[in-house]
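Numbering (my numbering), first residue to last: 67 to 503.
In this text, a Cβ means the ideal position worked out from N, Cα and C, and glycines have one as well.
This structure is a prediction, so every number in the text was calculated from the model and none was measured.
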Ligand SMILES: Cc1ncc(COP(=O)(O)O)c(C=O)c1O
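Here it is, written out as structure tokens:
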């Protein structure tokens, strides 16, 4: 009753928009791996919008925020704030580890704004305005971010023309290769045959256009799809050859999700700009960052990332505490370890359930693609929806992407036992779906 009343008030109070309002349920508690709805039902949160890397309400992050509120709660413009400087230095150090190059940082309140900063910086640094990004990608809801994004939901004709020069290309995604190349029985691409047609197309477009400011993409796609070996090295070379900057949007994948601090570390390609967000605020406060090579510090006479909370000491303290937890608790290593175990078990589910057409992922970014016919790869969207609701009724929450991909993105604190419990639920739900069919 309380739940229904709250949902009705929510629906009356907020502007309605797709996949957001109206809501499905109402929450009263979030702690560690778990969320609890207003009826007291607990769920393992294997979605968490990718903000809950350190678990919800981690005591170290909560403590750091409380202490910072007492010490200094805001930094007005043009006043340096020690916490913000410390955070910028810590992220620049990570950027240097990734790229070998010194970096500089700008903070924003949300991921979409950090993407806008990256686009503006790439334009200012190159004197060009075009971008190249992936169809089916999401980079945020701002006008610039929607322009580089490739999902129809965010590019509706109702919002009018998007940014000119926002070019798109079909992304990597071997199971459903846009260039028609098949995968082998293990879901692996035959690189000798396909010769990385997806990367070759990026090079082709950069060459034809000749004046693209930046390639903007997630190094590992949220669907989830990991890049075929050599993809990002080939794209990096193409970018360098054509004076185009490479921008990695690591908003969901950064800070250890894939078993490395940056997802890009798996692929041996150094970006010029990296964007982080989501989990950076410890799953509590909103903060995102655009980190760029020092030599891109070329727009000092122009206010291209002028955000009110740019140097907020409280959000910075939350982020610093988050980085400390990730380091102290060995969460990147845990993501790699538990993720590898989970991937093995998911492959085993594929062997037993004909409904599973493909298994993929890296670290704790994992997916099972459901199909009603393995040979034809016919998407089983209805089955995916039923499996999702069955799992929810057994205490496991996750989301589907592209309609038929069960996407599992638990926090980095998840233990092997919790992962096994979640996969047992999934196993049972898949079995029920097969029996019911
Ligand atoms: C890849 C990617 N980029 C950007 C964003 C936008 O971040 P925010 O919602 O904080 O604006 C998201 C959010 O889901 C994302 O997944």
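Nearest-angstrom Cβ-Cβ length linking residue i and residue j, presumed shorter than 8 Å
i, j, result
"residue 124", "residue 348", "6 Å"
"residue 338", "residue 359", "5 Å"
"residue 461", "residue 109", "5 Å"
"residue 364", "residue 188", "Residue 364 to residue 188, Cβ: 11 Å. No contact."
"residue 219", "residue 476", "That pair is no contact at about 25 Å."
"residue 119", "residue 322", "6 Å"
"residue 371", "residue 356", "7 Å"
"residue 465", "residue 116", "Not really, about 10 Å apart at Cβ, beyond 8 Å."
Test item: CB-CB of residue i and residue j under 8 Å
i, j, result
"residue 91", "residue 103", "yes"
"residue 397", "residue 478", "yes"
"residue 268", "residue 289", "no"
"residue 386", "residue 155", "no"
"residue 362", "residue 211", "no"
"residue 158", "residue 170", "yes"
"residue 449", "residue 430", "no"
"residue 432", "residue 474", "yes"
"residue 316", "residue 292", "no"
"residue 174", "residue 373", "yes"
"residue 482", "residue 407", "yes"
"residue 272", "residue 310", "yes"
"residue 411", "residue 489", "yes"
"residue 247", "residue 265", "no"
"residue 336", "residue 302", "yes"
"residue 141", "residue 384", "no"
"residue 105", "residue 69", "yes"
Exposed unless 16 or more other CB atoms sit within 10 angstroms - verdict on residue i
i, result
"residue 424", "buried"
"residue 470", "buried"
"residue 428", "buried"
"residue 86", "exposed"
"residue 20", "Absent from the structure is residue 20, since the part of the chain shown begins at 67 and ends at 503."
"residue 213", "buried"
"residue 15", "Outside the shown range of the chain (67 to 503) lies residue 15, about which nothing can therefore be said."
"residue 435", "buried"
"residue 426", "buried"
"residue 179", "buried"
"residue 375", "buried"
"residue 308", "buried"
"residue 95", "exposed"
"residue 492", "buried"
"residue 114", "buried"
"residue 241", "buried"
"residue 388", "buried"
"residue 182", "buried"
"residue 161", "buried"
"residue 147", "buried"
Which listed residue (the options) has its alpha carbon closest to that of residue i
i, options, result
"residue 258", "502, 294 and 421", "294"
"residue 132", "192, 381 and 202", "381"
"residue 277", "197, 254 and 242", "197"
"residue 497", "458, 144, 418 and 486", "418"
"residue 199", "180, 233, 297 and 208", "233"
"residue 135", "351, 161, 299 and 390", "351"
"residue 185", "343, 84 and 208", "208"
"residue 285", "297, 274, 279 and 275", "297"
"residue 421", "83, 378 and 499", "499"
"residue 261", "238, 283, 252 and 253", "238"
"residue 222", "265, 253 and 84", "84"
"residue 101", "458, 437, 489 and 354", "458"
"residue 107", "114, 93 and 113", "93"
"residue 217", "193, 467, 303 and 341", "467"
"residue 487", "463, 503 and 501", "463"
"residue 452", "266, 494, 144 and 439", "494"
"residue 504", "442, 378 and 502", "Nothing about residue 504 can be reported from this structure: the residues present for the chain run from 67 to 503 only."
"residue 203", "193, 129 and 215", "215"
"residue 480", "97, 166 and 503", "97"
"residue 329", "304, 283, 353 and 306", "283"
"residue 194", "244, 243, 164 and 231", "231"
"residue 502", "166, 485, 456 and 484", "456"
"residue 166", "331, 413, 446 and 395", "331"
Boundaries (first-last residue) of the alpha helix (DSSP H) holding residue i
i, result
"residue 403", "397-418"
"residue 277", "Looking at the DSSP string, residue 277 is not in any alpha helix (DSSP H), and its letter there is neither H nor E."
"residue 151", "148-165"
"residue 210", "209-214"
Run of the beta strand (DSSP E) containing residue i, from where it starts to where it stops
i, result
"residue 425", "422-428"
"residue 110", "108-111"
"residue 234", "232-235"
"residue 356", "354-359"
"residue 131", "Segment 125-137 is the alpha helix (DSSP H) holding residue 131; no beta strand (DSSP E) there."
"residue 225", "Run containing residue 225: none; DSSP gives neither H nor E here."
"residue 438", "431-439"
"residue 473", "471-474"
Proximity test, residue i beta-carbon vs ligand 2 heavy atom, cut-off 7 Å
i, result
"residue 205", "Absent from the structure shown: ligand 2. Ligands present: ligand 1."
Proximity test, Cβ basis, 8 Å: residue i and chain D
i, result
"residue 457", "No chain D is part of this structure, which consists of one protein chain only."
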